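In my numbering, the protein residues as written are 9 to 258.
Every residue gets a Cβ at the ideal spot worked out from N, C-alpha and C, and that includes glycine.
Note that this is a predicted model, so its numbers are computed, not measured.
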């Protein structure tokens with residue numbers, strides 16, 4: 009009974025976190041008449057024109073909606089498999105996992121990489137809103153939010169706040185959201201990209217790695233996802249004030 013209560017509490021926590029993230033699909037949609045809307049604008053050399061800026065924001069926002077749907081699906085499926093009977097009862101730090109465990113890790117990895125993309129998307133919104141003079145192809149969130157660089161001069165206070173979150177000391181003994189989630193998630197992503205899968209137990213001269221339980225990973229990545237979407241909402245509110253004020257909205 010105790011394990012069942014703990015499982016239900018954890019799942020409720022995860023589902024509540026996911027439900028906190030909501031985006032209006034009609035945001036930045038400029039209606040033309042009753043049933044038509046402006047699909048797009050490609051300006052002739054004037055990217056600062058109101059219609060051009062609106063469409064640039066809408067392009068990023070549509071990407072956000074697409075990413076967010078995929079992140080949520082990945083978390084929902086990861087939670088489903090992480091709490092399957094075989095994972096809950098037969099998980100081992102050393103042995104190869106069951107099919108359900110492998111499926112849990114598959115969706116966890118999807119959620120992780122797409123959450124990382126959300127941080128870059130946040131930086132793209134900042135680049136556009138604050139008119140940062142850097143090509144969009146060279147936007148990296150670690151640089152955009154570095155308070156020691158000139159790139160963040162127009163939002164120094166927020167850059168300091170976000171960087172402080174990046175550098176939090178790891179703490180999983182605290183109540184509520186854990187500390188150091190982003191650093192942990194970033195390390196996992198880098199390991200997957202440059203070394204070997206963190207979901208495979210190994211001990212060799214190449215690397216030593218013990219698997220983390222899927223539920224542990226879900227909590228860390230999910231909390232990082234909620235944090236980045238909080239910052240995205242903040243900048244979107246500022247964007248809407250600036251851009252949509254240029255148009256009459258019925």
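Taken through DSSP and simplified to helix, strand or coil, residue 181 comes out as coil. By the C-beta density criterion, residue 77 is exposed, having fewer than 16 other C-beta atoms within 10 angstroms. When only Cα atoms are considered, residue 91 and residue 15 end up about 8 Å apart. In the three-state reduction of the DSSP assignment, residue 187 falls in the strand class. The C-beta distance from residue 69 to residue 136 rounds to 11 Å, too long to fall under 8 Å, and the pair is not in contact. By the criterion of a C-beta distance shorter than 6 Å, residue 223 is surrounded in its chain by 90, once the five residues flanking it on both sides are discounted. For the pair of segments examined, the region 95-102 was found not to touch the region 177-193: the number of CB pairs separated by less than 8 Å stays below three. Annotation for residue 95: the continuous alpha helix (DSSP H) segment containing it runs 93-98. Under the Cβ criterion (8 Å, minimum of three pairs), the region 187-198 counts as touching the region 218-238. Cα atoms of residue 153 and residue 121: separation of roughly 19 Å, rounded to the nearest angstrom. Excluding residues up to 5 positions away in sequence, 115 lie with their Cβ nearer than 6 Å to the Cβ of residue 85 in the same chain.
Residue environment: residue 126 is assigned as buried (16 or more neighbouring CB atoms within 10 Å of its CB, all protein chains considered). Straight across, the Cα-Cα distance linking residue 110 with residue 253 is about 49 Å. At a Cβ-Cβ threshold of 8 Å, residue 134 and residue 140 count as neighbours.
In this structure, the beta-carbon distance from residue 82 to residue 197 does not fall below 8 Å.
Residue 142 and residue 131 have their C-alpha atoms some 11 Å from each other. Between residue 173 and residue 71, the CB-CB gap reaches or exceeds 8 Å. The three-state reading of DSSP puts residue 132 in helix, counting H, G and I together. For residue 140, the three-state secondary structure derived from DSSP is coil. Only buried fits residue 237, as 16 or more other CB atoms lie within 10 angstroms of its CB.
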